[in-house]
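Numbering (our numbering), first residue to last: 6 to 247. We put the CB at the ideal spot given by N, CA and C, even for glycine. Since we're looking at a predicted model, the values are computed, not measured.
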């Protein structure tokens, strides 16, 4: 991010151009020039990036701790609420606000990962959609293969974001690179679980670790966007790459 209000250096910031009627005797001529008016013609949206990043980070953090087996947890049921409300709905709203600002990268990333979290919520809702129950009725292998393919698809999509952020900032590139590795390891963990009673533990734990790192990277960028000069005494570097 080139400044505090951008997730990515490639995200354009909307500029408000103040217009005044030129008193030239001609009808309806507007010229762009400095104005003493305190009311711009266009309203300016607040930067939605910190909100979207925070929604992504918290939900990813919770699921990644479960994948790590923290406190003996091994079922993702607790993440369902956050997946629907915070990682899903709130992040989707951030994506729509990015779209309204004309930020294609932010709109694509936030809206897509909102879809990811909503789909996770749908999949793991206990008794709601019975996706897990149906796939594990006779053997866990169909579920492991299905969720492994699901994570592999997200690995491919996140790799696209990695390529698209090569000239953004080091912080953004690090975020998507860590997340991409997390998806890859989770996909491998579940695909290797075919015929076994559980996913591959080593890959699952490694995926959880990279997920936690990506969550903290997202929180870091969110904090960098929140640290405005009028409200804070310091700024966090995100290191532009271009």
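The alpha-carbon separation between residue 222 and residue 177 amounts to approximately 8 Å.
Going by DSSP, residue 72 is part of the alpha helix (DSSP H) stretching over 54-73.
For residue 121, the CB contacts under 7 Å within the same chain, skipping 5 residues up- and downstream, are 159 in chain order.
If you check the CB distance, residue 86 and residue 64 do not come in under 7 Å. Here residue 209 is not near residue 192, since their CB atoms are 7 Å or more apart. If you compare the alpha carbons of 179, 234 and 100 with that of residue 225, the shortest gap goes to 179.
For residue 199, no alpha helix (DSSP H) segment is defined, and its DSSP state is neither H nor E. In the DSSP assignment, the residues bridged to residue 174 are 245. Short of 7 Å from the beta carbon of residue 215, and not among the five residues preceding or following it, lie these beta carbons of its own chain, in chain order: 183, 186, 187 and 190.
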